[in-house]
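Q:
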Amino acid sequence: MLASILHALWASAAAVVGYPVDLRAVVMLLTGAYGHEEVHFESALSALTNSPYKIFFYFATLCSFAAGIGYVSHFAVRQLGLDRSTRILRFNNQWFYLLSGEIIQFKGSPHVDQEVDGVLLTTIVHHSDGDYLYRGVVADFFFDGEGSLDRVLLTLAARRKLSHDRKEEEEAGSPESEARYYEIEGDYFVLKYSEMSTVNVDYIFVIREPEEDIKVADPTAQSTVDSK
57 MLASILHALW ASAAAVVGYP VDLRAVVMLL TGAYGHEEVH FESALSALTN
107 SPYKIFFYFA TLCSFAAGIG YVSHFAVRQL GLDRSTRILR FNNQWFYLLS
157 GEIIQFKGSP HVDQEVDGVL LTTIVHHSDG DYLYRGVVAD FFFDGEGSLD
207 RVLLTLAARR KLSHDRKEEE EAGSPESEAR YYEIEGDYFV LKYSEMSTVN
257 VDYIFVIREP EEDIKVADPT AQSTVDSK
């Protein structure tokens with residue numbers, strides 16, 4: 057639909073400046089119908105070959121304008137956060153919003169006015185000796201050529217066997233519960249999406265106190281000690 061509108065505008069502009077588009081030749085070239093015994097083939101071909109630079113300029117300017125409109129529109133939507141408030145403007149790939157934490161800013165979310173300070177990802181990966189639970193803070197993520205999630209980059213990664221689950225009496229996050237994990241050495245840990253089965257995402261919020269509520273000790277103040 058948009059392509060048809062742009063072509064109509066460009067064809068009209070070409071006619072205004074004195075270079076009308078030969079619509080009859082265009083239709084014949086697109087449909088391959090050149091009349092009885094292809095009597096109009098030569099005229100259609102001539103319309104294409106007689107003005108190659110004009111045709112090149114037509115498509116070059118049209119494609120450049122379309123690309124520019126696309127980039128500007130994308131920039132405006134992202135900068136103004138329109139994709140978070142308007143469903144029709146969102147990317148088709150929901151993994152971007154989930155792993156970036158922007159999903160909590162969707163209209164109707166209880167955290168719509170908050171920004172995520174970190175994303176903690178936990179997933180199950182199958183190994184020959186059993187299933188393991190991996191977790192870490194999402195540092196980055198990548199998509200393949202088709203737009204599907206390909207890899208997730210984690211920092212502060214750790215893992216444990218799935219069978220070593222916490223006991224009912226243990227609280228989540230307790231020292232006993234955390235001791236079941238062991239840290240994976242390295243700056244980054246790469247998880248392939250194809251190897252992940254179940255994914256859990258937790259969002260990290262840092263509570264910042266107002267500056268006026270933070271008391272800073274005066275280094276010049278003198279302290280007194282009672283002596284007996």
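So that you can map any letter, position 153 of the sequence shown is 209 in my numbering, and since no number is skipped, the others follow by simple counting.
All C-beta atoms in this analysis are idealised placements derived from N, C-alpha and C, irrespective of residue type, glycine included.
Report the rounded CA-to-CA distance for residue 63 versus residue 76, giving the unit in angstroms.
A: Rounded to whole angstroms, residue 63 and residue 76 show a C-alpha spacing of 12 Å.
Q: Out of 129, 121, 127 and 150, which has the shortest C-alpha to C-alpha gap to residue 61?
A: 121
Q: Just reading off the beta strand (DSSP E) that residue 250 is part of, what are its end residues?
A: Looking at the DSSP string, residue 250 is not in any beta strand (DSSP E), and its letter there is neither H nor E.
Q: Assuming residue 214 and residue 238 are in contact, meaning their beta carbons sit under 8 Å apart, how far apart are those beta carbons, in whole angstroms?
A: With a contact defined as Cβ atoms closer than 8 Å, residue 214 and residue 238 qualify at about 6 Å.
Q: Give the single residue among 79, 169 and 116 whose Cα lies nearest to the Cα of residue 137.
A: Of the candidates 79, 169 and 116, the one whose C-alpha sits nearest the C-alpha of residue 137 is 169.
Q: To the nearest angstrom, how far is the alpha carbon of residue 157 from that of residue 191?
A: 16 Å
Q: Where does residue 195 sit, in a helix, a strand or coil, going by DSSP?
A: Note: residue 195 maps to strand in three-state DSSP.
Q: Pick out whichever of 145, 83 and 261 has its Cα sitting closest to the Cα of residue 134.
A: 145
Q: Below 6 Å CB to CB, which residues in the same chain sit around residue 278 once its five sequence neighbours on both sides are set aside?
A: Interpretation of residue 278 is limited by its pLDDT of 44, a score under 50 that renders its predicted location unreliable; no figure is taken from the coordinates.
Q: Indicate the three-state DSSP secondary structure (helix, strand or coil) for residue 241 in the structure shown.
A: coil
Q: Short of 8 Å in beta carbon distance, which residues of its chain neighbour residue 150, apart from the five on each side in sequence? Order them along the chain.
A: 159
Q: Check residue 214 in the structure and name its three-state DSSP category.
A: strand
Q: Report the rounded CA-to-CA distance for residue 240 versus residue 212, giving the unit in angstroms.
A: Rounded to the nearest angstrom, the two C-alpha atoms are 8 Å apart.
Q: Could you tell me which residues DSSP puts in a beta bridge with residue 178?
A: 191 and 256
Q: Look up residue 63 in the DSSP assignment and say whether it is helix, strand or coil.
A: helix
Q: If I follow the unbroken alpha helix (DSSP H) through residue 262, where does it start and stop?
A: Counting along the chain, residue 262 falls outside any alpha helix (DSSP H), and DSSP gives it neither H nor E.
Q: Round the Cβ separation of residue 210 and residue 195 to the nearest angstrom and send it over; I've been treating them as touching at under 8 Å.
A: 6 Å
Q: For residue 80 and residue 67, I'd like the C-alpha separation in whole angstroms.
A: Their Cα atoms are separated by approximately 13 Å.
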